[in-house]
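The structure appears below as structure tokens.
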Amino acid sequence: MLLPVGNHGGDGDCGTVQLAAEIEELSLGSTGGLGDRLSALPDDILHSILLRVPSTPAAARTCVLSRRWRGIWAQLPEIRFPFPSDPAAVGPALAAGPALRLLHVACRDDTGANAWLRTAASRLIAGGELYFYNRTPGEEKGQAEALSWQCRTFELPCFETAAKVWLRLGFVDLGLPPTGVFFRLTELRLEHVNLECGFQLGDMVSSPRCPALRELCIARARGVASLCIISQTLERLELDILHGLEELTVVAPMLRALNVHACFAWRKPVAAIYASRLEVLWWSDAFDPSFVLFSDVQNLQQLTTFDIHVYGRFDYALLQDYVMLLQHFPTVSCLDLKLNYQRDLSQYEYLMGIITKLPNIKILSLWLHTKGHAIGPSVFHLLSKCPGVRELKLTLLDNLEVKL
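Quick note: the sequence shown, position 213, residue 213 per full-length UniProt numbering, numbers continuous.
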């Protein structure tokens, strides 16, 4: 999962050059500079024009047009440094400008992020947004090396006014603030991080310190062995590859969507989910009803689980887990399954027969990696286990012709 660099200041070199040229032409006029038409416009109009420039460095370059333009870029409420920006320019840009509604930084190996992060925490207006993507040498070489690549620690300050904070840090250590309240934070995403004090994460994102949090995503993170979230406002929770997670507790009466993917790493999961309004559950992980509790989940509308092997070996680690998950919820409106076929089936056994029961469903949605094999036997087997189904959706994930 990537930070939305395209939506918040992508590279845009061609667009920057073209837009800057158009601004220069309008400012100088078509009569060789005899009439400066743009400079006579009010500041708010000039701000609106410069906000269409894809990056802050490009906006700053318009200061060469005339003296009138020199300070305009520094008055913008949005700062964008698209990849690969010079991280040393972020601090001066923050110091030069007013309070911000948006700060987007995408750079390589930022060594001075702690300083400008502290400044940003005090400069974002109520409802402001921060997006920070830090690409490191370790991350570029691959995740295995990235996880062992350590050179510094980023300290996350308490953003009291920000509404959105997205951080993707290239597996650099991240220190969490031990105190402080994120009063207006509605969305938090932490990706590719090593959490120094992972035991503090649950405390930080729970209601006493995040009283407005609605969406939380923790992806490809280390350092969280136990996670306990108690939130009165959380509506969507995504946990994607939390290396070393052993225990999960979620108490969230407003939670409507929960996604747990590859967090327990084939260990017996210990989880307790108290979410009476849960409607959508994506669970692609180990599952055992003896150790995983879904309390008072009576409104589940969609159940999704991925990577069910149609052919394989009966000692496949997660095979029984998928079976127990599919039997755990008696009624679900929509069931989403992803079926995987091996390319060579000669050494594998047909596994679908182990699925003897499915929830009472109306819609069966199948995502298939077929490798060119016939899908009829597996599809008809699943249909035979849900006689009340009214709609079948098939999505082929590879561009091969298949047969029923």
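Heads up, the beta-carbon is just placed ideally off N, CA and C, and yes, glycines get one too.
Legend entry - Sheet register partners of I79 (DSSP bridge): L103
Inset, instruction - Specify, as a first and last residue, the run of the beta strand (DSSP E) that N399 falls within. - result: Counting along the chain, N399 falls outside any beta strand (DSSP E), and DSSP gives it neither H nor E.
Inset, instruction - Measure the beta-carbon distance from L298 to V332 and round it to whole angstroms, keeping in mind my assumption that it falls under 8 Å. - result: The question names Leu, but residue 298 in the sequence shown is Gln. That pair is no contact at about 11 Å.
Inset, instruction - Please report the Cβ distance between K338 and F306, rounded to the nearest whole angstrom; I am assuming they are in contact, meaning their Cβ atoms lie under 8 Å. - result: 4 Å
Inset, instruction - Use the C-beta contact count for E78: other C-beta atoms within 10 angstroms, 16 or more gives buried, fewer gives exposed. - result: buried
Inset, instruction - Give a yes or no on whether the C-beta atoms belonging to C217 and E196 are separated by under 8 Å. - result: no
Inset, instruction - Mark K393 as exposed unless 16 or more other C-beta atoms lie within 10 angstroms of its C-beta, in which case mark it buried. - result: exposed
Legend entry - Proximity below 8 Å, CB of L130 to CB of V165: yes
Legend entry - Distance between F183 and P98 (C-alpha atoms, nearest Å): About 21 Å.
Inset, instruction - With R118 as the anchor, note down where its beta strand (DSSP E) starts and where it stops. - result: It is not in any beta strand (DSSP E) - R118 instead sits in the alpha helix (DSSP H) that spans 113 to 123.
Inset, instruction - Report the rounded CA-to-CA distance for V323 versus G170, giving the unit in angstroms. - result: 36 Å
Legend entry - Any chain B beta carbon closer than 8 Å to D285: Structure shown: chain B not included; a single protein chain is present.
Legend entry - Residues bridged to A257 (per DSSP): R236, V280
Legend entry - Ordered list of beta strand (DSSP E) runs contained in the stretch 336 to 390, each at least 3 residues: 363 to 369
Inset, instruction - Would you give the residue range spanned by the alpha helix (DSSP H) that D321 belongs to? - result: 319 to 328
Legend entry - Assigned secondary structure, V165 (DSSP; H/G/I helix, E/B strand, else coil): strand
Inset, instruction - Locate the alpha helix (DSSP H) running through A96, then write down its first and last residues. - result: 90 to 96
Inset, instruction - Within 10 angstroms of the Cβ of L2, are there 16 or more other Cβ atoms? Answer buried if so, exposed if not. - result: Only weak support is given to the placement of L2: the predicted model assigns it a pLDDT of 39, under 50, and the value that follows is read from those uncertain coordinates. L2 should be labelled exposed.
Inset, instruction - Would you decide whether F294 is buried or exposed? Buried here means 16 or more other CB atoms lie within 10 Å of its CB. - result: Under this definition F294 is a buried residue.
Inset, instruction - Taking 8 Å as the cut-off, decide whether the C-beta atoms of Q342 and K362 are in contact. - result: no
Inset, instruction - Identify which residue in V270, A286, E247 has its Cα closest to the Cα of A262. - result: Closest option to A262, Cα to Cα, is A286.
Inset, instruction - Classify S290 as buried or exposed, calling it buried when 16 or more other Cβ atoms lie within 10 Å of its own Cβ. - result: exposed
Legend entry - Spatial distance of L100 from R313 (CA atoms): 56 Å
Legend entry - Extent of the continuous alpha helix (DSSP H) to which V205 belongs: 201 to 205
Inset, instruction - For K393, name the three-state secondary structure that DSSP assigns. - result: strand
Legend entry - Length of the line joining the Cα atoms of L147 and L190: Note on L147: pLDDT 48, under 50, position unreliable in the model; the coordinate value appears next. Roughly 15 Å between the two C-alpha positions.
Inset, instruction - Count the other CB atoms, across all protein chains shown, that sit within 10 Å of the CB of N399; report buried if there are 16 or more and exposed otherwise. - result: So N399 counts as exposed.
Inset, instruction - Would you mind working out which of C158, P387, R222, G180 sits nearest D173, comparing C-alpha positions? - result: R222
Legend entry - Coarse secondary structure for T186, derived from DSSP in three states: coil
Legend entry - Span separating the alpha-carbon of N194 from that of L397: 33 Å
Inset, instruction - Closer than 6 Å by C-beta to S384: which residues in its own chain qualify, once you throw out the five before and the five after it? Chain order, please. - result: none
Legend entry - N114 beta carbon less than 8 Å from that of F159: In this structure, F159 lies away from N114, with their beta-carbon atoms at least 8 Å apart.
Inset, instruction - Just the C-alpha distance for L248 and V260, rounded to the nearest angstrom, thanks. - result: 10 Å
Inset, instruction - Can you check DSSP and say which residues form a bridge with Q302? - result: V280, C334
Inset, instruction - Identify whether L51 lies in helix, strand or coil by the three-state DSSP scheme. - result: coil
Inset, instruction - Taking 8 Å as the cut-off, decide whether the C-beta atoms of A225 and G202 are in contact. - result: no
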